[in-house]
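Participant: Submitted below is the structure of interest, expressed as structure tokens.
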Amino acid sequence: MRRICLLVLVLVGWAVPASAQTVIPVDELTGTGAVYDQTEVTVAGELVGDFGVRGDGTVWAQLNDDSYADGPLRETGTHGEGNTGIGVRFDGSLAFDLDQPGGYRWRGPIVEVTGIWHHHDADRGGESYLEATSFDLVEPARQLADPVFWPLWIIGIGLVLAAYYLYWRKNQELTPTP
Amino acid sequence: MAEDRRSDIIGGLMSFAIEAMFIVILGLIAALFAVVAVLLVG
Amino acid sequence: MLLRPEADDFRIIGVQLGRISLVTALAGTFPLAWALIAREWAPATSFLIMVGVFALLGTASRFIEVRHHQLEWSHGMVVVALTWLLVPAVGAIPLMFSGHYGQPLDAYFDAMSGLSTTGLALIQDLDHLAPSLNFWRHLLHFLGGQGIIIAALTLFTGSGGTTLYYGEARQERILPNVRSTARFIWKVAAYHFVIGVAALAAVTFFLLGFGVWRSLFHAVNVFFAGFDTGGFSPMSTSIGYYHSAVFEGVTAILMVAGAMSFGLHFALWRGPRLAVFKNLETRTILGTVAFTMFLTMIGLAAGGVYSNAAGLGRQAFFQVVSAHTGTGFTTVPAGELALWGGLAFGGVAIAMALGGMASSTAGGVKALRIGLTIRNLVHQIRQVLLPEGAIQSTTYYQNGIKRVTPELGQAVMTVSLLFVALFLLGAGVALGYGYGVQEALFESVSAGASVGLSVGVTEPSMPLLLKLTYIVQMWLGRLEFVAVFSLFGFLYAWARGK
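Residue numbers (the working numbering), protein chains in the order written: chain C, 652 to 829; chain U, 65 to 106; chain Z, 48 to 545.
What follows is the structure in structure tokens.
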């Protein structure tokens, strides 16, 4: 009986879109997004890629809430699965202090975005995205280090020089001595 | 030599144009199919 | 009984592999230059090591002295099969050093997927990957798609090029010799590169509002993956990242261009341009694209996946074109694609299995074989219905009128059946690990037909044996069996022959 009650609770919790305050995982939006269509949701994560400024003044970015959002793999070394992200569209005026989107050199800004989830939006040819209405900057973007491991440089240069030496040796062999 | 290059440029542009035209036609067919699909079973 | 290979046979294979290593070393200098210019020091070191290994293999092979043998058909086939194992192994070095892979096999998987223009990926945290490494992943598509062998043929003269050429699953040879054919293939690629990159960069810069350099970065990478029907993408959300119908349209043009046979490119380039529509291959592919697209749309409409015709049309169009050309770009997340059931699943899966045209970078059974299978079937039925002893001939048009012969029918059926067996092999392994029938079949067809669409089976935590199975499927599917079987025969003869 208790199990059934739990199951019902879980199912109800899953079926009823959460209030704007509860943060919804991106996985849930990409998997069962239809449930949230046209409702207000809040997602949290890192903005990555590009801030594409369109002609209509809106900005598009990708929001990832995977395990790499806090610390990119290159920094933490903690392996997991691939990235999980959704498209976020917001008015240009909202993007006041977002700085750099996440990428190789930057861990992008961590934001909490509230907005309307459009699942297979009929007006945009079936695209799914979040139309942001408010942004909370949780953590600003920060630069990532590009550590150089010197022994690898030496190995690389050594290999190329060795290849060049063999090339030169063979050419010496091929040139007829006068 | 120059003539070769000219015919290559024309050829290259023409083939890209035909490929683009092909996608446009395929897109139109897709649109027609989509309308038919929605009307039939949607 | 097969003849046991002599030491000289190994030498001749070694020399050819060395030449190909040199070509690949040359290709590796592009991402190296990119990393140095962009001051991405860690990737730069790994590229230097890769270039060093390729160059060392190449220059060392110059010391091999071939005594009396000439490059024969069997050597060529073995060289091709080994090239496609060696290049991903060395090409995976920078990927491995990047730290974006859980284990070396994952990096090898991605390098094989890149080279075979598949596009399945095990990379983790792609969205933080260095641009130069991302460029290398996409350049692997270009190398594998245009053919490393083709590159080697363009740079080195020598006898026996033909066998290498055919080994890479290219059947047509329109120009009088292999070298001029190879040159023409590069010319087509170069023109498409200029126009394609310009078009993509214009869209990303003017319509999507990306910065200049970022526009170029996206344009170059998407071009390589699209024109070579690869399917890697610069960002984890694939083409869905761009949220633009225009961008999808330009990408679709590139995918179709990539899936076109070399003969068709030649006809479009030099004319007569409209004659190509008489070809059995062109007509077959038009028919199968339309058929699978219709199937997918009916399935999506019945499932109520999209609320209107515009959404249904755009998403089904892109996914089917991507599947049929063997590219693997997607605008819907893997989790959502997995939910496309019934006819929508069937449409996309059939499109993947059928594939593009012969002598293109697309995988799958290929349009000409499908067309010929149908013609052959018609021929057989007519034979049965006609009075005994009546002689009849069935013909088809493919750059001229040709006859359907029993030998041709048999050859076509053999390769088609091998593809079916390949698809079932991968599906069987995945089923053994407890994956559902639908996802096991979908992912297996995707790997075997070098497509790259995924319903979520391919992920870093998947079983090791399944990773190995997909690697073998990608290798076999891209080379269309013959070269790989030749390698097995060669090894068997070495072990058992007299």
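Beta carbons are placed, not taken as given, at the ideal position from N, Cα and C, and that holds for glycine.
Within 10 angstroms of the Cβ of Z/Arg422, are there 16 or more other Cβ atoms? Answer buried if so, exposed if not.
Facilitator: buried
Participant: So the alpha helix (DSSP H) Z/Ser463 belongs to, where does it begin and stop?
Facilitator: 453-479 is the span of the alpha helix (DSSP H), which, as asked, contains Z/Ser463.
Participant: Leaving aside the five residues before and after Z/Phe489 along the sequence, list all residues of the same chain whose C-beta is less than 6 Å from its C-beta, in chain order.
Facilitator: Ala396, Val502
Participant: Report the three-state DSSP secondary structure of Z/Ile140 (helix, strand or coil).
Facilitator: helix
Participant: Based on the DSSP secondary-structure assignment, which residues constitute the bridge partners of C/Ala695?
Facilitator: Under DSSP, C/Ala695 shares a beta bridge with C/Glu763.
Participant: Distance, Cα to Cα, Z/Trp541 vs Z/Ser108?
Facilitator: 21 Å
Participant: Run through chain U and tell me which residues come within less than 8 Å of Z/Gly574, C-beta to C-beta.
Facilitator: The displayed coordinates of chain Z run from 48 to 545. Any statement about residue 574 of chain Z would go beyond what the structure contains.
Participant: Determine the contact status of C/Gly682 and Z/Gly481, defining contact as a CB-CB distance below 7 Å.
Facilitator: no
Participant: Give the residues of chain Z in contact with C/His769, contact being defined as C-beta atoms less than 9 Å apart.
Facilitator: Per Cβ cutoff of 9 Å: no residues; C/His769 is ~11 Å from chain Z at best.
Participant: Do Z/Gly277 and Z/Gly358 have their C-beta atoms closer together than 7 Å?
Facilitator: no
Participant: Quick one: grab the DSSP three-state call for C/Thr709.
Facilitator: strand
Participant: Quick check on Z/Glu486: does DSSP put it in helix, strand or coil?
Facilitator: Helix at Z/Glu486.
Participant: U/Asp72 versus chain Z: which residues are under 9 Å apart at the beta carbon?
Facilitator: Lys234, Tyr238, Trp316
Participant: Mapping DSSP to helix, strand and coil, what is C/Trp757?
Facilitator: strand
Participant: For Z/Val303 and chain U, any beta-carbon pair shorter than 7 Å?
Facilitator: yes
Participant: Inspect the CB distances between the segment 154-164 of chain Z and the segment 248-264 of chain Z and report whether three or more fall short of 8 Å.
Facilitator: no
Participant: Since I believe C/Gly743 is in contact with C/Gly706 (beta carbons under 8 Å), could you give me their beta-carbon distance rounded to a whole number of angstroms?
Facilitator: Not confirmed; about 11 Å, so no contact.
Participant: Got a sec: is the Cβ-Cβ distance from Z/Gln366 to anything in chain C below 7 Å?
Facilitator: Output row for Z/Gln366: interface = no.
Participant: For the segment 750-778 of chain C, which residues have a CB atom closer than 7 Å to at least one CB atom of chain Z, in sequence order?
Facilitator: Gly753, Gly754, Tyr755, His771, Ala773, Gly776, Gly777, Glu778
Participant: Thinking just about the alpha-carbon of each residue, which of C/Thr735, C/Lys821, C/Val762, C/Gly766 is nearest to the one in C/Tyr830?
Facilitator: Outside the modelled stretch of chain C, which goes from 652 to 829, sits residue 830 of chain C, for which no answer is possible.
Participant: Pick out the complete beta strand (DSSP E) segments inside the segment 392-442 of chain Z, 3 residues or longer, and give them in chain order.
Facilitator: none
Participant: Taking buried to mean at least 16 other C-beta atoms within 10 Å of its own C-beta, is C/Gly738 buried or exposed?
Facilitator: buried
Participant: What's the call for Z/Met302, buried or exposed, on a 16-neighbour Cβ count within 10 Å?
Facilitator: buried
Participant: Let's test the definition: count the other Cβ atoms within 10 Å of the Cβ of C/Gly664 and tell me whether it reaches 16, buried, or not, exposed.
Facilitator: For C/Gly664, the predicted structure reports a pLDDT of 44, less than 50, and the residue's modelled location is therefore unreliable. A value from the coordinates is still provided. Here C/Gly664 is exposed. Its C-beta has fewer than 16 other C-beta atoms within 10 Å.
Participant: Check distances from the C-beta atoms of the segment 797-808 of chain C to those of chain Z and list, in chain order, the residues that come in under 8 Å.
Facilitator: Under the 8 Å Cβ criterion, the segment 797-808 of chain C contributes Asp797, Pro798, Val799, Phe800, Leu803, Trp804, Ile806, Gly807, Ile808.
Participant: Can you check DSSP and say which residues form a bridge with C/Glu778?
Facilitator: C/Asp772
Participant: Could you tell me whether any non-hydrogen atom of the ligand SAM is closer than 6 Å to the CB of C/Arg775?
Facilitator: With respect to the ligand SAM, the structure offers nothing, as it holds no ligand at all.
Participant: Please classify C/Glu833: does DSSP put it in a helix, a strand, or coil?
Facilitator: It is not possible to answer for residue 833 of chain C, since the shown part of chain C is limited to 652 through 829.
Participant: Just reading off the alpha helix (DSSP H) that Z/Phe240 is part of, what are its end residues?
Facilitator: 225-249
Participant: Rank C/Leu825, C/Phe741, C/Asp688 by C-alpha distance to the C-alpha of C/Phe786 and give the top, closest one.
Facilitator: C/Phe741
Participant: Three Cβ pairs or more, each shorter than 8 Å: is that satisfied between the segment 72-79 of chain Z and the segment 92-111 of chain Z?
Facilitator: yes
Participant: I need the DSSP call for C/Asp688, collapsed to helix, strand or coil.
Facilitator: Secondary structure of C/Asp688 (DSSP, three-state): coil.
Participant: With 16 other CB atoms within 10 Å as the buried threshold, where does Z/Leu142 fall?
Facilitator: Buried, by the Cβ-count rule.
Participant: Quick one: does U/Ala81 have its CB under 7 Å from some CB of chain Z?
Facilitator: At a cut-off of 7 Å between beta carbons, U/Ala81 makes no contact with chain Z.
Participant: Enumerated in chain order, which unbroken segments of the beta strand (DSSP E) with a length of 3 residues or greater are wholly contained in the segment 317-378 of chain Z?
Facilitator: Taken in chain order, no unbroken stretch of beta strand (DSSP E) lies wholly in the segment 317-378 of chain Z with a span of 3 residues or more.
Participant: If you run the structure through DSSP and keep just helix, strand and coil, what is Z/Ser206?
Facilitator: With a pLDDT of only 47 at Z/Ser206, under 50, the local geometry of the prediction cannot be trusted, and no value is derived from it.
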